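According to our numbering, the sequence shown is numbered sequentially starting from 9. Here a beta-carbon is modelled for each residue, glycine too, at the ideal position from N, C-alpha and C. If you're wondering where the values come from, they're calculated on a predicted model, not measured in any experiment. Report on the following structure.
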Amino acid sequence: GCQKCGNVGYRGRTGIHELLVGTDEIKSLIQSRAKMEEIRKQAIKDGMTTLMQDGIRKTLLGETDLIQVRKVCIK
């Protein structure tokens, strides 16, 4: 790193994202008060990229590192 990046090797901010699309299956699970894990599994089955997956993708692209991703994704 340098002074411009605060010795971290990155400058600025990069978002990592997780978007839940309200498919018919997801809506049905929510209406039936399904457990969060069941909804999450269905969302992933429907093609949702998780926060961790997006963070790993951006790490592989050199936009961030796993330390930063872990800070955001740890429950």
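query	result
Separation of residue 27 from residue 49, as counted between CA atoms	14 Å
Stretch pair the stretch 38–45 + the stretch 14–28: three plus CB contacts closer than 8 Å	no
Residue from 14, 12 and 25 whose Cα sits closest to the Cα of residue 56	25
With 16 other Cβ atoms within 10 Å as the buried cut-off, status of residue 29	exposed
Contacting residues, own chain, Cβ-Cβ under 7 Å from residue 10 (five flanking each side not counted)	none
Local Cβ density within 10 Å of residue 63, reported as buried at 16 or more and exposed below that	buried
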